[in-house]
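One structure is given below, encoded as structure tokens.
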Amino acid sequence: MQVANCVDCGTPMQRVNYGYQSGIVLDRCASCKGVWLDHSELERVQIINEAWEASQADVTKEYSGLLQKTAQEAAERFDAAGREGVKAALGKTAAYRLYDFIERKEG
Ligand SMILES: [Zn+2]
12 MQVANCVDCG TPMQRVNYGY QSGIVLDRCA SCKGVWLDHS ELERVQIINE AWEASQADVT
72 KEYSGLLQKT AQEAAERFDA AGREGVKAAL GKTAAYRLYD FIERKEG
């Protein structure tokens, strides 16, 4: 397949699969990082992005209550120890990362 040159800098472009497995192949310039796509490719990228955002919203909706409940239980259980105590008690576990994430979100 003929590889086009970058419109901006003239470097031959690489063909990359958008989102690893979308089947949408885009031309990307390795030199200036420009990405070139025709109208139908742009439309397909937008459709994939919208579907991805919608699926993320579903995941958030499905788990946000559970996440809040889990964090609240953890906070209550370890309340006496204080936040640093909670982190120490949880260690470097998934629960620690969840607690840390929620704490950061709450500010
Ligand atoms: Zn370029």
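Counting in the numbering used here, the sequence shown runs from 12 upward without gaps. By construction, the Cβ of each residue, glycine as well, lies at the ideal position given by its N, Cα and C atoms.
Burial is judged here by how many other beta carbons sit within 10 angstroms of a residue's own beta carbon; Cys17 has at least 16 and is buried. As summarised for the region 19-87, the continuous beta strand (DSSP E) elements at least 3 residues long and confined to that stretch are 24-28 and 36-40, given in chain order. Taking 8 Å as the upper bound for CB-CB distance, Glu52 and Leu37 are in contact here, some 6 Å apart. With respect to the 8 Å criterion, Cys43 and Asp69 are not classified as neighbours on the basis of their beta carbons.
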